[in-house]
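Residue numbers (my numbering): 420 to 920. For glycine and all other residues, C-beta sits at the position ideal for the given N, C-alpha and C.
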Ligand code: ADP
Ligand code: MG
């Protein structure tokens, strides 16, 4: 099968003719100890089929029991998203066959979700806020996982066998669905990315999920449709799945806008279907025609009682919510005395948590910021990786800062020490020892270098004695050169001043 290359309309032209409508469905896997309806471990990464039990294997007669923590965390997410929390909600069976779902149905919530009618304000690249309205956040269980053998890149196409792993079956999931996002125009792709970014930050901050898109603990489906400018009625939407990075969320929306516009212009009919995002070229490929709700034959699960959320409990949970990320950001921005743009850059660079961890390890905020925002961000860009993926820890950065403060490293030597750690040469002290980076403390050697530099630069000495005390830079430079940058600059300056008195 060759890659489906579609006709695309230029993005600006799309916006002259069409108004995009967008809806995002985000699945968040909860980091509970155990599964949503049974006591098997819900942790990621175990031997296949080792975290299973009669309920998650769907054995006949096995009865689900609701994980209270799962309900509590669903409420926590709902509250953080400014939702109403239902006093009573229900689990329903969503019936569909899939080999990694042995029961033949998924336990989900349908017409009675636990949380509904909320909103999340997200900040766009230029600093403006956009309110994304939340339709509902409901509880459900994850399915197992299939591994296809013999096909290309683990795909089912061309595979000779498929393996089922039920470890993930029954892991608690919260599905968060937005209301249709209207009037976004050219910003639709950006809003999609900003929303998922904010949501990811939120669930991590309230401690309910690690929200790793690369490991599937956060999954995004983007629904997009176009309507001619001025038309009330929504167009037909497609739902793009398999999006596994923030960048891809933006690209998937953008691509669908350009593809659908070209298709409509060519007189093709847009059909409601799922599409699969192609990481390789940023396109989307046709999936299956979309089932409508009726196809799932939803009905209340007779094995599970209604979920009750008494108001006192909801208030208790509300009281456990930590300072939310944007509130904390505003506070830190004020405390650190930086601008909104500086804070935004630092957050976008993924530096905030790293800076805070470095401060926790003993530096000032300014010192931590200087390293992560400048030197280390440049190093990450050079390696083309995320800042947090750099091979240095906040503790190590704090250690280097401490050595500079103690006068054991100059800034220049500190950078070399960091370079060594980043290059995998060992711990900070190992790199300093191996590269011989310690500042020269041997006063005799430094004094000799100072004498030599003064003797070699009589003109500077003369200017200095004539009252121009700012000319010592060249002397310091010469001493640094002679000591290969390892002389303590404070000591060098002191010696020069003494000798020229
Ligand atoms: P499904 O179960 O079919 O995935 P959901 O109700 O869970 O449907 O989610 C549909 C998402 O698509 C919601 O975010 C909704 O706001 C959005 N949506 C609905 N209609 C349209 C449309 N015509 N164009 C774009 N998005 C839409
Ligand atoms: Mg859905």
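Is the beta carbon of residue i less than 8 Å from the beta carbon of residue j?
i, j, result
"residue 788", "residue 766", "no"
"residue 493", "residue 740", "no"
"residue 832", "residue 866", "no"
"residue 556", "residue 720", "no"
"residue 628", "residue 465", "no"
"residue 434", "residue 604", "yes"
"residue 483", "residue 456", "yes"
"residue 696", "residue 659", "yes"
"residue 689", "residue 655", "yes"
"residue 560", "residue 590", "yes"
"residue 902", "residue 852", "no"
"residue 369", "residue 821", "Since the displayed the chain opens at 420 and closes at 920, residue 369 lies outside it and no answer follows."
"residue 667", "residue 441", "no"
"residue 794", "residue 823", "no"
"residue 692", "residue 706", "yes"
"residue 643", "residue 676", "yes"
"residue 805", "residue 769", "yes"
"residue 624", "residue 813", "no"
"residue 537", "residue 486", "no"
"residue 897", "residue 872", "yes"
"residue 844", "residue 850", "yes"
"residue 669", "residue 606", "no"
"residue 488", "residue 680", "no"
"residue 918", "residue 859", "no"
"residue 841", "residue 810", "yes"
Among the residues of its own chain, which have a CB less than 7 Å from the CB of residue i, if the five just before and after it don't count?
i, result
"residue 531", "505, 508 and 509"
"residue 673", "430 and 608"
"residue 514", "523, 524, 715 and 716"
"residue 622", "447, 496, 628 and 630"
"residue 564", "519, 584 and 587"
"residue 552", "538, 597 and 598"
"residue 475", "454, 457, 459, 585, 588 and 589"
"residue 911", "865, 869, 895 and 898"
Alpha helix (DSSP H) containing residue i: first to last residue?
i, result
"residue 614", "607-624"
"residue 717", "From DSSP, residue 717 is part of no alpha helix (DSSP H); its letter is neither H nor E."
"residue 797", "796-802"
"residue 495", "487-499"
"residue 551", "Residue 551 -> not in any alpha helix (DSSP H); beta strand (DSSP E) instead, spanning 548-560."
"residue 788", "784-788"
Helix, strand or coil: how does DSSP classify residue i here?
i, result
"residue 902", "coil"
"residue 636", "coil"
"residue 830", "helix"
"residue 751", "helix"
"residue 676", "helix"
"residue 630", "coil"
"residue 511", "strand"
"residue 709", "coil"
"residue 540", "strand"
"residue 580", "strand"
"residue 460", "strand"
"residue 594", "strand"
"residue 767", "helix"
"residue 762", "helix"
"residue 425", "coil"
"residue 727", "strand"
"residue 912", "helix"
"residue 420", "With a pLDDT of 38 at residue 420, under the threshold of 50, the modelled position of that residue is not reliable, and the figure given next carries that caveat. Three-state DSSP puts residue 420 in coil, outside helix and strand."
"residue 683", "helix"
"residue 742", "coil"
"residue 572", "helix"
"residue 506", "coil"
"residue 564", "strand"
"residue 534", "strand"
Could you spell out where the beta strand (DSSP E) holding residue i opens and where it closes?
i, result
"residue 439", "437-448"
"residue 659", "657-662"
"residue 526", "524-527"
"residue 862", "Where residue 862 is concerned, there is no enclosing beta strand (DSSP E), although the alpha helix (DSSP H) it sits in stretches over 862-875."
"residue 851", "Where residue 851 is concerned, there is no enclosing beta strand (DSSP E), although the alpha helix (DSSP H) it sits in stretches over 847-854."
Kindly list the residues whose CB is nearer than 6 Å to the CB of residue i, restricted to its own chain and excluding five residues on each side of it in sequence; keep chain order.
i, result
"residue 649", "none"
"residue 529", "511 and 717"
"residue 477", "521 and 522"
"residue 422", "Confidence at residue 422 is low in this model, with a pLDDT of 42, below 50, so its placement is unreliable and the value that follows should be read with caution. Once the five neighbours on either side are set aside, residue 422 has no close Cβ partner at all."
Kindly list the residues whose CB is nearer than 8 Å to the CB of residue i, restricted to its own chain and excluding five residues on each side of it in sequence; keep chain order.
i, result
"residue 533", "490, 493, 494, 497, 504, 505, 508, 556, 557, 558, 726 and 728"
"residue 577", "569, 570 and 571"
"residue 562", "517, 519, 520, 525, 587 and 588"
Measuring only from the beta carbon, is residue i closer than 7 Å to any heavy atom that is part of the ligand MN?
i, result
"residue 677", "No copy of the ligand MN appears in this structure; the ligands present are the ligand ADP and the ligand MG."
| query | Is there contact between the region 729-736 and the region 695-709, where contact requires at least three CB pairs shorter than 8 Å? | reply | Verdict: no, contact absent.
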